[in-house]
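One structure below.
2 protein chains.
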Amino acid sequence: MQEAACMAALQRLQPVSHVAVSGGTHGNEMSGIYLVKHWLREPSALQRDSFSATPFLANPLAIERCVRYVGRDLNRTFTKQFLNSKAAWDEPYEVQRAREINQLYGPKGSAQAFDFLFELHNTTANVGACLIASVQDNLLPMHLCHFIQTHCTLGHYPILLYNLPDQEAYSISSVAKHGLAFELGPQPQGVLRADLLTQMGALVACALDFIDLFNKGTTFPAFETEAYRFIGSVDYPRHPDGELCASVHSKLQDKDFLPLRPGDPIFQTFSGEEILYQGHATIYPVFINEAAYYEKKIAFNKTEKCSLSIPALQRE
Amino acid sequence: MQEAACMAALQRLQPVSHVAVSGGTHGNEMSGIYLVKHWLREPSALQRDSFSATPFLANPLAIERCVRYVGRDLNRTFTKQFLNSKAAWDEPYEVQRAREINQLYGPKGSAQAFDFLFELHNTTANVGACLIASVQDNLLPMHLCHFIQTHCTLGHYPILLYNLPDQEAYSISSVAKHGLAFELGPQPQGVLRADLLTQMGALVACALDFIDLFNKGTTFPAFETEAYRFIGSVDYPRHPDGELCASVHSKLQDKDFLPLRPGDPIFQTFSGEEILYQGHATIYPVFINEAAYYEKKIAFNKTEKCSLSIPALQRE
Chain A
1 MQEAACMAAL QRLQPVSHVA VSGGTHGNEM SGIYLVKHWL REPSALQRDS
51 FSATPFLANP LAIERCVRYV GRDLNRTFTK QFLNSKAAWD EPYEVQRARE
101 INQLYGPKGS AQAFDFLFEL HNTTANVGAC LIASVQDNLL PMHLCHFIQT
151 HCTLGHYPIL LYNLPDQEAY SISSVAKHGL AFELGPQPQG VLRADLLTQM
201 GALVACALDF IDLFNKGTTF PAFETEAYRF IGSVDYPRHP DGELCASVHS
251 KLQDKDFLPL RPGDPIFQTF SGEEILYQGH ATIYPVFINE AAYYEKKIAF
301 NKTEKCSLSI PALQRE
Chain B
1 MQEAACMAAL QRLQPVSHVA VSGGTHGNEM SGIYLVKHWL REPSALQRDS
51 FSATPFLANP LAIERCVRYV GRDLNRTFTK QFLNSKAAWD EPYEVQRARE
101 INQLYGPKGS AQAFDFLFEL HNTTANVGAC LIASVQDNLL PMHLCHFIQT
151 HCTLGHYPIL LYNLPDQEAY SISSVAKHGL AFELGPQPQG VLRADLLTQM
201 GALVACALDF IDLFNKGTTF PAFETEAYRF IGSVDYPRHP DGELCASVHS
251 KLQDKDFLPL RPGDPIFQTF SGEEILYQGH ATIYPVFINE AAYYEKKIAF
301 NKTEKCSLSI PALQRE
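Protein sequences appear in the order of chains A and B.
Per UniProt numbering, residue 1 is the first one in the first sequence, and the count goes up by one each step.
Per UniProt numbering, residue 1 is the first one in the second sequence, and the count goes up by one each step.
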């Protein structure tokens, strides 16, 4: 009877033939940049029996300058507002580049779009190797996450769901039919660490193996898993003129994905006072003290833990 | 007899009345920037019986943009060539700013120059809390280093001597009569860690205590100590077009100030090969994989360990 229920829930999806792997969506996140540069010279690592993945550098100008972006954050630019905008002489470089990428690997929401697009990111926060999906509804990325969690032995792989309800997906992978981001940290901007480079390469290899198995007809059983769902963010305490007056508390620093309870310290002011978390429920902070988020007024993102029940999957 | 020899070696220096503490010589090294911003609001922490130290932000434009520099590295700009140059409309911002700083806290080499200038720096390398002096001949900084090593309990404080023989000192502290840099890491560019902020604040407090004791006539006995002397640097392996083809080896990463022996691995190529250290003697690498040094073609700096014998010191 239980088996019948599982069988009933089996979902079928089309094979995945067009796969792209993007590095350097942010031009100072070095693991993805140097993996992609390496694969452009030696593409064999991205070949499988049933497909070959296409590597590309998403923001070449930012990579050249080793900055996150030149005009605006490219990875917040893949919304209809920007993708459907007309070229203007004074538009940020990344708006033009987002349209280009949408033409090459999308168009977003269309039948011609690539089947799968991977994003490679680094953060200065201690997230380990985090798997970021927009929402849980997209079965292929969720099964891919589960495959990595059960087959990749180099670390722990928490799943982060970043889209708020009814929010349009804005990241580069949203131009393809399915997408997933690998977010590895801590790594300083502009620094290439061998350990994270190796781990990111192994993650991509594992992901491509999964897609190859899927294409060959493997049935991936239903499963239950935990994920962390983005629910909002917390800014740094500031003076009236906008200047920071506190840093992330040393007891919160590096504690990404660990529970933060009401009353726990979150900041320490430069005068030595502690600021405590005033929320009413336990949350799981992520991207704690990420360098690129100071300007976004984010000291850390808040997530809640949730349980997911994912049906079985097989190709059509 | 031994005591007499020590007494004979006692050196006397003038009291130290004009002291400055510079943060943000590099605009993305956050510990010094936020300590100085805090002290500008609350200067009492820099006051002692015999003097008050003056905090200042060295590169305001780079700090505003959260970049190392705008036009050129400010901390390589305090040489006669730049300080004596005439203002030009197309000169880098930092050349103009170096002249300003030289007017305010120098002029370099003059009797009017400040007595002591501290530089506050961060690095992405795992140097801990490193004390950087130009050369060992300047007694006051060397005694200050020893005082920190024996009185500051938050860490280990290696001394780094950065000037090559006959090389003109080029850093911001060289405009004053005496100078010392505190270099704390690892901390990503653009990130403020509470632990390093606390440690840097304690280092500056300890240094000001030392100067106050010196001014009040305390005799600081002769001592022997170890230091690391800069002897050169090693670039990343590169493809013929200049692109990196390897990262720092995971066995060298984070091993600043530890011995590197001939035959030890230093790089791993993106294709998986190890590159071994070909030198003939044991060295002590520092600034391993520092973000700001990729463009300077430095994967790590080489130092050799040396023993210093420093005579006793008292004020005149």
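Each residue gets a CB set at the ideal place from its N, CA and C atoms; glycine is no exception.
None of the values given here were measured: they were computed from a predicted structure.
message: Measuring straight from C-alpha to C-alpha, what distance separates A/T25 and A/F114?
response: For the purposes of this step, residue 25 of chain A is taken as the residue at position 25 of the first sequence. For the purposes of this step, residue 114 of chain A is taken as the residue at position 114 of the first sequence. Between A/T25 and A/F114, the C-alpha separation is close to 17 Å.
task: Check the Cβ-Cβ distances between B/L197 and every residue of chain A, and say whether any is below 7 Å.
output: Indexing the second sequence from 1 puts residue 197 of chain B at position 197. For B/L197, the answer is yes, since a Cβ of chain A falls inside 7 Å of its Cβ.
- request: Would you give the residue range spanned by the alpha helix (DSSP H) that B/A194 belongs to?
  value: Within the second sequence, the letter at position 194 stands for residue 194 of chain B. A194 to N215 is the span of the alpha helix (DSSP H), which, as asked, contains B/A194.
field: Contiguous beta strand (DSSP E) assignments of at least 3 residues, all confined to the UniProt domain "AstE/AspA barrel-sandwich hybrid" (224 to 305) of chain A
entry: 246 to 248, 265 to 269 and 274 to 276
- prompt: Using a C-beta cutoff of 7 Å, does B/V191 count as contacting chain A?
  reply: In the second sequence, the residue the question calls residue 191 of chain B occupies position 191. For B/V191, the answer is yes, since a Cβ of chain A falls inside 7 Å of its Cβ.
message: Taking 7 Å as the threshold (beta carbon to beta carbon), is B/N289 in contact with chain A?
response: The sequence position of residue 289 of chain B within the second sequence is 289, counting from 1. Interface residue, yes.
query: A/V248 touches chain B at which residues, Cβ-Cβ below 7 Å?
result: Here residue 248 of chain A is taken as the residue at index 248 of the first sequence, counted from 1. Result: A194.
- prompt: Given 8 Å as the limit, is there contact between the segment 19 to 34 of chain B and the segment 48 to 55 of chain B, that is, 3 or more CB pairs closer than that?
  reply: yes
- request: Determine, using beta carbons only, whether A/C306 and A/A227 come nearer to each other than 7 Å.
  value: For the purposes of this step, residue 306 of chain A is taken as the residue at position 306 of the first sequence. For the purposes of this step, residue 227 of chain A is taken as the residue at position 227 of the first sequence. Contact: yes.
message: Would A/G185 and A/V127 be called neighbours here (beta carbons separated by less than 7 Å)?
response: As a first step, residue 185 of chain A must be located in the first sequence, where it is residue number 185. As a first step, residue 127 of chain A must be located in the first sequence, where it is residue number 127. It is a contact, given that the beta carbons lie within the stated cut-off.
- prompt: From A/Q278, A/I231, A/E243 and A/T123, pick the residue whose C-alpha is nearest to that of A/L192; which is it?
  reply: Numbered from 1 along the first sequence, position 192 holds the residue referred to as residue 192 of chain A. Among A/Q278, A/I231, A/E243 and A/T123, the Cα nearest to that of A/L192 is on A/T123.
- request: Flag this pair as touching only if the segment 288 to 302 of chain B and the segment 254 to 267 of chain B have three or more C-beta atom pairs under 8 Å; answer yes or no.
  value: yes
Where B/Q189 falls: helix, strand or coil (DSSP): What you label residue 189 of chain B is simply residue 189 of the second sequence in a count that begins at 1. Here B/Q189 sits in coil by DSSP.
message: Please classify B/Q38 as buried or exposed, where buried requires at least 16 neighbouring CB atoms within 10 angstroms.
response: In the second sequence, counting from the first residue as 1, residue 38 of chain B sits at position 38. Gln is not the amino acid found at residue 38 of chain B; the sequence shown has His there. Label assigned to B/H38: buried.
query: How would you list, in chain order, the residues of chain A whose beta-carbon sits under 7 Å from the beta-carbon of B/K37?
result: Walking along the second sequence from the start, residue 37 of chain B turns up at place 37. Under the 7 Å cutoff, chain A gives E243.
message: Taking CB distances under 7 Å as the criterion, tell me whether A/Q268 reaches chain B.
response: Here residue 268 of chain A is taken as the residue at index 268 of the first sequence, counted from 1. Yes, A/Q268 counts as interfacial toward chain B.
- prompt: Are the segment 70 to 87 of chain B and the segment 34 to 49 of chain B touching by the rule of at least three beta carbon pairs closer than 8 Å?
  reply: no
message: Can you tell me whether B/S22 is helix, strand or coil according to DSSP?
response: As a first step, residue 22 of chain B must be located in the second sequence, where it is residue number 22. Correct three-state label for B/S22: strand.
Proximity test, Cβ basis, 7 Å: A/T124 and chain B: Within the first sequence, the letter at position 124 stands for residue 124 of chain A. Cβ-Cβ to chain B under 7 Å: yes for A/T124.
message: For chain A, check one thing: does any of its Cβ atoms lie closer than 7 Å to the Cβ of B/M1?
response: In the second sequence, residue 1 of chain B corresponds to position 1, counting from 1. Because B/M1 sits at a pLDDT of 39, beneath the cut-off of 50, its placement in the model cannot be relied upon, and the following sentence gives the value as read from the coordinates. So no, B/M1 is outside the interface.
query: Mind checking if B/P188 is an interface residue toward chain A, Cβ cutoff 7 Å exclusive?
result: Position 188 of the second sequence, counted from the first residue, corresponds to residue 188 of chain B. So, interface residue.
- prompt: Going along chain B in order, which residues have a C-beta closer than 8 Å to the C-beta of A/Y34?
  reply: Within the first sequence, numbered from 1, the residue matching residue 34 of chain A stands at position 34. Result: L244, S247 and F270.
task: Run the CB neighbour count on B/R229, radius 10 Å, all protein chains shown included, and call it buried at 16 or more, exposed below.
output: Residue mapping note: residue 229 of chain B aligns to position 229 of the second sequence, counting from 1. The residue is buried, with at least 16 neighbouring Cβ atoms inside 10 Å.
message: Would A/N75 pass as an interface residue toward chain E - the criterion being a Cβ-Cβ separation below 7 Å?
response: Absent from the structure: chain E. Protein chains present are A and B.
- prompt: Listed in chain order, which residues of the segment 97 to 116 of chain B have Cβ atoms closer than 9 Å to some Cβ of chain A?
  reply: none
field: Proximal residues to A/M7 (C-beta, below 7 Å), its chain only, five neighbours per side dropped
entry: Looking up residue 7 of chain A in the first sequence gives position 7. Confidence at A/M7 is low in this model, with a pLDDT of 45, below 50, so the placement of that residue should be treated as unreliable; the coordinate-derived value is given next. Once the five neighbours on either side are set aside, A/M7 has no close Cβ partner at all.
field: DSSP state of A/Q11 mapped onto helix, strand, coil
entry: The residue given as residue 11 of chain A occupies position 11 in the first sequence. In this structure, A/Q11 counts as strand in the three-state DSSP scheme.
Nearest neighbour of B/V95, chosen from B/N84, B/L104 and B/Y105 [CA to CA]: Within the second sequence, residue 95 of chain B is the residue found at index 95, counting from 1. Nearest C-alpha to B/V95: B/N84.
- prompt: Do B/V248 and B/N289 come within 7 Å of each other at the CB atom, strictly closer than that value?
  reply: Position 289 of the second sequence holds residue 289 of chain B. Position 248 of the second sequence holds residue 248 of chain B. Yes, Cβ-Cβ distance for B/N289 and B/V248 is below 7 Å.
Rounded straight-line distance, which links the Cα of B/N75 to that of B/A176: As a first step, residue 176 of chain B must be located in the second sequence, where it is residue number 176. As a first step, residue 75 of chain B must be located in the second sequence, where it is residue number 75. Whole-angstrom Cα-Cα distance: 14 Å.
- prompt: Exposed or buried, what is A/T77 when buried is set at 16 or more other beta-carbons lying within 10 Å of its beta-carbon?
  reply: Locating residue 77 of chain A in the first sequence gives position 77, where the first residue counts as 1. Label assigned to A/T77: buried.
- request: With a floor of 4 residues, list each alpha helix (DSSP H) that falls wholly inside the segment 91 to 122 of chain B, ordered by position along the chain.
  value: 93 to 105
- prompt: Nearest to A/D212 by alpha carbon, out of A/F270, A/Q47, A/E100 and A/Q11?
  reply: Here residue 212 of chain A is taken as the residue at index 212 of the first sequence, counted from 1. Of A/F270, A/Q47, A/E100 and A/Q11, the residue nearest in Cα terms is A/Q47.
message: Looking at the secondary structure, which residues open and close the alpha helix (DSSP H) in which B/L140 lies?
response: As a working mapping, residue 140 of chain B is identified with position 140 in the second sequence. First-last of the alpha helix (DSSP H) with B/L140: L139 to H151.
message: In the DSSP output, which residue or residues are listed as bridge partners for A/I172?
response: In the first sequence, the residue the question calls residue 172 of chain A occupies position 172. Looking at the DSSP assignment, A/I172 forms no beta bridge with any residue, so it has no partner.
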